[in-house]
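I have placed the structure first, in the form of structure tokens, so that the comments after it can refer back to it.
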Amino acid sequence: MIPKYIVLKEKINEDILSDIYPLDSKLPTEVELAEKYNVSRSTVRQALELLVNDGIISKRWGSGNTVISKSDSSKKKTVMILMPEMKSPHSQTILEDLTSTLVKEGYTIESHETLQQYSLEREHLSTMLSDIYSGLIIAPVCSARPSTNSDLLRLLLKRQIPVIFLESAPAGLYNTTVVASDNYGRGYQMARRFINSGRKRLGGIFIHDSATSIATFSGYVDAIRDAGLTICDSCFLWCNSVDPHGINTRNVTFINKFLKHACEEAEIIYLDDDTIGTEWLFPVKTNQLELSKPIGKEVAKKLIETKKNGNASSITIPYH
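In this note's numbering, each residue's number is its place in the sequence shown (first place is 1) plus 5.
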């Protein structure tokens with residue numbers, strides 16, 4: 006459940022907006038507020054502190070709490086969206102579909118890039134815990150790794166805040182709603198396309214800390230094996246989603262050095278991250294498939310469904 010002091014802060018602010026407590030008037034004392042709203046004085050103090058921080062009331066020693074502004078600071082119709090990046094064409098399409106669908110339903114969007122940093126993700130999740138948001142849509146940081154923020158996500162779920170996970174949810178969270186693309190199927194279909202076009206020696210570049218890329222790799226190599234072809238270890242490379250300082254797994258020079266040697270054996274290399282640059286002279290292909298439904302719209306629908314019914318089932322969207 007949402008903490009009482011956050012709920013109380015919203016109630017007092019609503020009373021300020023409706024002129025029960027007009028501008029320049031003083032709020033009742035802590036004792037009076039505690040009696041009126043049937044809460045403890047400590048809950049009142051915490052709620053008043055939030056209103057002071059929002060610039061809605063001023064607190065002066067000995068003179069009580071004065072209403073100094075009217076501001077609907079409520080996040081009750083705000084959906085927070087957290088994604089590792091929002092600049093690639095793929096991410097922009099998802100964000101546009103999410104936004105257009107939710108805005109039509111009267112929601113406000115608050116979107117943030119987490120830049121594959123657990124600390125940034127935690128900062129935004131902590132913000133959610135100090136207010137009443139309408140919901141959260143999150144593509145977790147470094148989704149193939151254990152999340153350092155599972156504790157905050159678990160707390161949000163415990164408070165029954167609608168949370169929709171994009172592509173995958175951290176291990177250890179229960180009763181989650183995940184909207185995923187069929188990444189295993191994507192990898193399998195791409196490998197079949199290459200094989201059907203006459204290529205027999207396939208390689209690939211994948212992202213080791215991405216759950217979607219690992220699933221794509223699984224489908225890709227399964228298709229190679231199912232076709233009775235050899236899987237060449239030296240024709241595969243694993244990169245980081247974001248390189249730490251001093252590490253260059255995504256550097257063009259590093260990638261091209263790998264491609265130069267891999268292409269001595271492989272006839273084609275599948276690149277599972279189109280934000281990685283390569284030289285045009287290598288036989289590199291990126292994803293050529295499309296989802297059967299816009300994933301952004303499906304995520305938004307699941308959030309709306311959860312708001313309405315209290316829960317929603319996970320779905321996987323196939324490629325074609």
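In this text, a Cβ means the ideal position worked out from N, Cα and C, and glycines have one as well.
Between the options, which has its C-alpha nearest residue i's C-alpha?
i           : options            : result
residue 305 : 33, 245, 113       : 113
residue 166 : 21, 69, 302, 310   : 310
residue 1   : 207, 80, 111, 123  : Any question about residue 1 goes unanswered here, given that the chain covers just 6 to 325.
residue 267 : 278, 243, 51, 93   : 243
residue 45  : 225, 8, 19         : 8
residue 205 : 187, 188, 213, 225 : 225
residue 270 : 143, 62, 207       : 207
residue 151 : 130, 175, 135      : 175
residue 317 : 139, 11, 183       : 183
residue 11  : 81, 235, 197       : 81
residue 369 : 31, 52, 43         : The structure shown has nothing for residue 369, since the chain only spans 6 to 325.
residue 299 : 255, 79, 116, 101  : 101
residue 237 : 320, 188, 246, 274 : 274
residue 213 : 276, 158, 157      : 276
residue 258 : 127, 292, 282      : 282
residue 147 : 246, 96, 319       : 246
residue 121 : 133, 324, 143      : 143
Please state the DSSP three-state secondary structure of residue i.
i           : result
residue 115 : strand
residue 148 : coil
residue 180 : coil
residue 286 : coil
residue 62  : strand
residue 240 : helix
residue 301 : helix
residue 99  : helix
residue 185 : strand
residue 45  : coil
residue 245 : coil
residue 314 : helix
residue 54  : helix
residue 76  : coil
residue 270 : coil
residue 109 : helix
residue 94  : helix
residue 234 : coil
residue 254 : coil
For residue i and residue j, what's the separation of their Cα atoms in angstroms?
i           : j           : result
residue 13  : residue 84  : 21 Å
residue 86  : residue 203 : 43 Å
residue 17  : residue 90  : 37 Å
residue 229 : residue 220 : 15 Å
residue 38  : residue 21  : 13 Å
residue 29  : residue 312 : 37 Å
residue 104 : residue 154 : 25 Å
residue 232 : residue 141 : 42 Å
residue 209 : residue 240 : 7 Å
residue 40  : residue 50  : 13 Å
residue 118 : residue 200 : 38 Å
residue 111 : residue 57  : 28 Å
residue 60  : residue 73  : 7 Å
residue 194 : residue 173 : 21 Å
residue 178 : residue 163 : 11 Å
residue 169 : residue 186 : 14 Å
residue 322 : residue 216 : 16 Å
residue 36  : residue 64  : 16 Å
residue 98  : residue 301 : 7 Å
residue 24  : residue 108 : 29 Å
residue 296 : residue 272 : 27 Å
residue 139 : residue 262 : 48 Å
residue 71  : residue 15  : 17 Å
residue 145 : residue 171 : 8 Å
residue 76  : residue 62  : 10 Å
residue 137 : residue 129 : 13 Å
residue 48  : residue 180 : 31 Å
residue 218 : residue 197 : 17 Å
residue 285 : residue 260 : 12 Å
residue 256 : residue 133 : 36 Å
residue 95  : residue 26  : 48 Å
May I ask which residues mark the beginning and end of the alpha helix (DSSP H) holding residue i?
i           : result
residue 188 : 188-201
residue 219 : 216-231
residue 12  : 9-22
residue 260 : 257-267
residue 156 : 155-163
residue 204 : Neither: residue 204 is in no alpha helix (DSSP H) and is coded neither H nor E.
residue 133 : 123-134
Considering only DSSP beta bridges, list what residue i is partnered with.
i           : result
residue 31  : 71
residue 324 : 296
residue 309 : Bridge partners of residue 309: none, in fact.
residue 85  : 115, 141
residue 2   : No answer is possible for residue 2: it lies beyond the span of the chain, which begins at 6 and ends at 325.
residue 169 : 142, 182
Cβ of residue i within 7 Å of any heavy atom in the ligand NAP?
i          : result
residue 68 : No copy of the ligand NAP occurs in the structure displayed, which carries no ligand at all.
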